[in-house]
Amino acid sequence: MINKIRKINLNHSFIFFFVVNLFCILLFKFNNLNISSILCLLLILIIGVSHGSLDHIKGKKLLRLFNIKSTYIFYITYILIAVIVILTWIILPSITLIVFLMIASYHFGKEDTQFLIIDRSYFIQILYFFKGFLIILAPLYFHFQETIAIFKLLLIDNETFYSSLNFIETNNVIQIGIFCSTLSSIFLFLKNFEIKKFVVFLDYFSILILNYYLSPLIAFTAYFCFLHSIRHSISLAIELDPNSIVNGFKLFLKKALPLTILTAIFSFIALYLLNNSYNLDSAILKIIFIGLASLTFPHILLEYFLEKNET
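Residue 9 is where the sequence shown starts when you use the working numbering, and the numbers rise one by one after that.
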């Protein structure tokens with residue numbers, strides 16, 4: 009099963025890199041692309057969120073490991089963590105954003121790369137963080153002011169936060185961070201060297217290309233939906249049926265559909281309520297990033313406890 013996941017993910021990296029380059033060449037040639045924020049929201053709700061829609065199944069598995077019979081404990085805990093994240097964001101937005109970006113960096117780096125790496129040492133975990141940190145650094149490097157504008161729409165009004173970002177931008181700290189991310193990809197490539205691990209650099213350049221040509225929201229949507237989420241969904245589909253990837257995806261869609269639909273319903277209710285106080289684009293950005301943060305924290309905690317208790 010591991011070999012099958014690795015083979016499919018390797019092909020996926022090549023396809024994603026090719027499509028990204030083709031798309032950006034067409035964009036450069038015609039220069040009239042207009043992708044609305046509502047389309048980004050729909051893609052994230054349909055493709056992005058669905059890769060975590062089997063968490064209830066993993067939650068039941070975790071409960072069995074702790075010999076807990078009541079599944080309500082999992083649902084209550086999961087929802088409670090999500091609500092606490094949203095409330096914390098409202099009360100302490102800048103701190104919550106920073107913590108979210110740090111955790112998301114590690115999560116992206118690990119989930120996108122671990123199919124290539126057997127080693128679970130602390131050094132590898134650090135490399136995962138710096139590799140995933142590129143997702144955060146690239147929009148700041150290529151579209152600094154536009155990224156700052158997004159932060160302001162996410163309720164961040166801390167002047168110290170923006171002063172720190174200006175210091176980071178003017179003193180080339182972002183470039184240093186990207187250099188560290190580059191080194192992490194090189195180390196991951198050389199670790200137990202296999203030529204096929206060159207796909208690490210395909211993902212690296214795909215992220216840079218996306219952020220060079222596209223706005224931060226569109227670049228993130230493309231990465232999150234079509235690289236990160238699809239890769240995770242492939243692994244889940246193969247776990248559901250190791251003998252047939254097609255049947256595995258059918259099972260995955262069937263099992264993921266209820267929570268995906270439920271998440272979409274709550275998102276559009278929140279969008280309707282927020283649209284009374286904010287314009288549509290601002291409301292959508294809040295739904296996407298604050299909503300993702302509220303789902304990411306319990307999702308990562310679940311993955312962490314499962315991994316720790318299964319080894």
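Beta carbons: idealized from backbone N, C-alpha and C, even for Gly.
Quick check: what's the CA-CA separation for residue i versus residue j?
i	j	result
V27	K263	29 angstroms
F260	L267	12 angstroms
I81	L303	17 angstroms
G140	G185	11 angstroms
F24	L142	17 angstroms
L218	F257	27 angstroms
K294	Y212	27 angstroms
I292	P250	38 angstroms
I13	L248	12 angstroms
L216	L265	32 angstroms
A146	V57	23 angstroms
V254	I242	10 angstroms
S21	T229	16 angstroms
K204	I125	12 angstroms
Applying the criterion that 16 or more other CB atoms from any shown protein chain within 10 Å of the CB defines a buried residue, is residue i buried or exposed?
i	result
E306	Sequence check: residue 306 is Pro here, not Glu. Classification for P306: buried.
L281	exposed
R128	exposed
A227	buried
T178	exposed
E119	buried
F36	exposed
R239	buried
S102	buried
How is the alpha helix (DSSP H) around residue i delimited, first residue to last?
i	result
I176	167–178
D127	Run containing D127: none; DSSP gives neither H nor E here.
S192	181–198
E154	152–161
H64	63–73
Y220	207–221
N284	Where N284 is concerned, there is no enclosing alpha helix (DSSP H), given that its DSSP letter is neither H nor E.
S241	238–248
Measuring alpha carbon to alpha carbon, tell me which of the options ends up nearest residue i.
i	options	result
S5	Y149, Y312, L288	The chain is shown only over 9 to 319; residue 5 falls outside these bounds and no answer can be derived.
A245	N42, L62, D165	L62
L51	I253, N180, Q153, L225	L225
A272	A90, L222, Y286, I296	I296
L162	N11, H20, I106, R239	I106
F137	F195, V93, I92	F195
V150	Y220, T96, N174, S252	Per the sequence shown, the amino acid found at residue 150 is Phe instead of Val. The residue with the shortest Cα to Cα distance from F150 is Y220.
S275	I164, L53, L95	L53
D33	Y231, N19, L222	The identity of residue 33 in the sequence shown is Ile, whereas the question assumes Asp. Cα-wise, what sits closest to I33 is L222.
L49	F22, Q133, G299	G299
S78	H64, V207, F108	H64
Q122	L135, M110, N284	L135
W97	N166, L70, Y83, I76	N166
Checklist entry - Which ranges does the alpha helix (DSSP H) cover as unbroken runs of at least 4 residues, wholly within the stretch 26–57, from first to last along the chain? => result Runs of the alpha helix (DSSP H) inside the stretch 26–57: 45–51.
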